[in-house]
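So for the sequence shown, this note's numbering puts the first residue at 13; every next one is plus one.
Here the structure is laid out as structure tokens; the discussion comes afterwards.
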Amino acid sequence: MRHVLVLAAAVAGMFYLSRATVIFGPFTYDEPDYMYAAGQGWFANAADIPSQTLPEFLKLGLDRSKGSGSRRNLSERIRESGDVLFYRHWHGPVYSDWLYMVRGFASDERALREFNFFFPIVAALLMYAGAIWILPGAAGQCAAVLATVMYLWSYPVVRSTELAPHQFFALCGAAEMLLLARMFTGAGPLRGSWYAAVAVCAVSFCTLEIAFAPILTLLICGHLMRKVLKPDFSFVMKSAAAFLAPILVIWPGAIFKLSFVKAYLFMAYLAVAVRDAWGPGATLGETWWLRIVQSPVPWILAAAGSVYFIPRRRELRVLIPLAIFTATAAAAVFPVKTEMARYSLAFWPGLVLFGAFCAGMAIAEWSPRARISALVLISALMLATGWPALRSNLPRQNTRDEAMLAFLRDHRFAEKALLVPHEDLPMVHYYFPEARFKSYYDESTIAEEFRAGGVAGALDRSDPPRWIPAEGAP
């Protein structure tokens with residue numbers, strides 16, 4: 013009963029903190045593309061049908077690097093082809109499958125976004141049960157409470173409300189770390205924990221193209237535990253099967269069409285060749301400073317935990333998978349410069365678990381009254397330090413996008429295309445799939461598009477958008 017009350021309080025706290033944080037209004041940014049991909053169904057996303065072949069993808073990339081064709085034209089060409097991998101933004105199909113399953117239960121866009129809270133709640137339940145499963149006695153109980161509170165009440169979890177696969181990726185990361193940590197305790201069937209971690213890692217691979225972080229964590233941990241795992245031919249074959257089986261079920265296109273190669277190549281292209289690929293507004297230093305100050309308590313506990321862990325690393329081997337995952341996942345998103353909370357979720361469960369486990373083991377040596385006081389104090393600090401960021405810059409009604417969609421509903425342009433800002437193209441394409449749209453980056457090019465013909469008019473970036481008819485347009 014005590015565990016139920018603690019978990020209920022933590023979940024209730026998350027919902028209280030998330031009041032008015034869920035975005036409402038039309039799907040924007042990446043969301044319309046994810047919804048379009050989800051609408052293609054499970055088979056299309058699993059097999060990546062339709063999608064470009066790898067040679068076609070490479071040719072387009074080479075043409076783009078040589079300057080043959082603008083970035084806008086390249087995007088429009090791929091969009092017109094219906095490439096489902098493009099609409100998923102090169103992610104695996106797991107999240108599209110999720111949207112396909114739950115979209116019928118949501119009354120509107122905001123309700124569908126609220127379904128995303130399912131993932132951190134499940135992740136917190138895993139952390140709570142996993143801490144008690146892995147750490148004995150009071151250490152496990154203290155770590156369980158701290159991990160649950162620090163995860164559910166944190167800025168990355170509460171403010172990542174847009175449709176995106178990052179919450180599910182964080183859930184998979186938490187599950188893999190806990191399985192590997194259990195293996196490091198030496199308890200239970202060690203190979204069983206290993207195979208389960210491999211299977212979870214495969215699901216991560218089918219979710220986001222930064223799965224090299226959990227894969228690298230898995231390989232390093234396997235190497236460190238090689239004397240215990242005693243790898244032989246049977247072990248290698250079963251490990252390969254545990255990794256390939258989920259992929260063949262969830263994303264066979266990754267293997268048979270080499271879709272994962274396209275995904276990782278595109279990510280490398282964004283990281284190296286595209287300026288402000290994840291949106292303007294923050295430098296690298298500002299990005300990481302924001303990540304710290306928005307939820308400082310887990311960072312402080314993780315830093316203190318490092319001091320506690322390093323001299324005792326031989327005795328505290330259970331913390332090794334948590335430390336490795338946190339480091340590799342943080343390295344994977346290190347160059348991502350953005351204020352968006354969801355990009356912190358890649359390493360967040362590792363940071364939280366590492367800090368919670370270290371603090372739990374340290375607090376367990378205190379008296380029961382001191383332990384309870386410490387847990388209450390840390391929970392209160394989590395609320396007090398995170399509250400300003402959590403309640404600032406809350407989503408507002410997006411009147412501009414609503415006005416644009418209302419205009420398009422009231423006017424039908426069957427024969428000619430409409431010019432829209434490039435950032436609005438995914439939204440209008442999703443809500444009006446039968447209409448024809450062309451996009452522009454710079455409003456100075458609108459007149460040139462009008463002279464080229466075939467365009468009824470343009471919508472500008474003002475709020476509400478201003479309609480600019482082309483000469484001679486009806």
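Even glycine gets a Cβ: it sits at the ideal position worked out from N, Cα and C.
Predicted, not measured: the structure shown is a model, and the values here were computed from it.
Exercise. If you follow the alpha helix (DSSP H) that Phe-346 is part of, which residue opens it and which one closes it?
Worked result: Counting along the chain, Phe-346 falls outside any alpha helix (DSSP H), and DSSP gives it neither H nor E.
Exercise. In this structure, what does DSSP give as the bridge partners for Ile-458?
Worked result: BP columns for Ile-458 are empty, so no partner.
Problem set entry | Given 8 Å, three or more beta-carbon pairs between the segment 311–322 and the segment 126–145 | no
Exercise. Could you give the distance in angstroms between the alpha-carbon of Ala-11 and the alpha-carbon of Phe-55?
Worked result: Coverage of the chain is limited to positions 13 through 486, which leaves residue 11 absent and any answer about it impossible.
Exercise. So what's Trp-102 in DSSP terms, helix, strand or just coil?
Worked result: DSSP places Trp-102 in the coil class of the three-state scheme, outside both helix and strand.
Exercise. CA-CA distance, Ile-487 and Trp-378?
Worked result: Residue numbering for the chain in the displayed model covers 13 to 486; residue 487 lies beyond these limits and cannot be assessed.
Exercise. Among the residues of its own chain, which have a CB less than 7 Å from the CB of Ala-342, if the five just before and after it don't count?
Worked result: Phe-359
Exercise. Got a sec? Which residues, its chain only, sit under 6 Å from Ala-485 by beta carbon, not counting five neighbours each side?
Worked result: Its pLDDT being 46, under 50, Ala-485 is placed unreliably in this model, and the coordinates cannot settle the point.
Problem set entry | Beta-carbon proximity of Phe-33 to Leu-406, cut-off 9 Å | The sequence shown places Thr at residue 33, rather than the Phe named in the question. Contact: yes.
For this session: Find out if the Cβ-Cβ distance for the pair Leu-331, Arg-325 is shorter than 9 Å.
Result: yes
For this session: Using the DSSP secondary-structure output, state which residues sit across from Ala-429 in a beta bridge.
Result: Val-467
Exercise. At which residues does the alpha helix (DSSP H) containing Pro-438 begin and terminate?
Worked result: 437–443
Problem set entry | Strand pairing of Lys-450, partner residues [DSSP] | Answer is Leu-431.
Exercise. For Val-16, does the count of other Cβ atoms within 10 angstroms reach 16, so buried, or fall short, so exposed?
Worked result: exposed
For this session: Would you check if there are 3 or more beta carbon pairs closer than 8 Å linking the segment 176–191 to the segment 405–419?
Result: no
For this session: Scan the segment 165–202 and note each continuous alpha helix (DSSP H) run of 4 residues or more that stays entirely inside, going in chain order.
Result: With a minimum length of 4 residues, the continuous alpha helix (DSSP H) runs that stay inside the segment 165–202 are 167–170, 178–197.
Problem set entry | Exposure of Gly-367, with buried meaning 16 or more beta-carbon neighbours within 10 Å | buried
Exercise. If you run the structure through DSSP and keep just helix, strand and coil, what is Ile-480?
Worked result: If DSSP states are grouped into helix, strand and coil, Ile-480 belongs with the strands.
Exercise. Can you give, in chain order, each stretch of the beta strand (DSSP E) that sits fully within the segment 13–46 and has at least 3 residues?
Worked result: none
For this session: List the endpoints of the continuous alpha helix (DSSP H) containing Ile-222.
Result: Counting along the chain, Ile-222 falls outside any alpha helix (DSSP H), and DSSP gives it neither H nor E.
Exercise. Under three-state DSSP, which class holds Glu-351?
Worked result: coil
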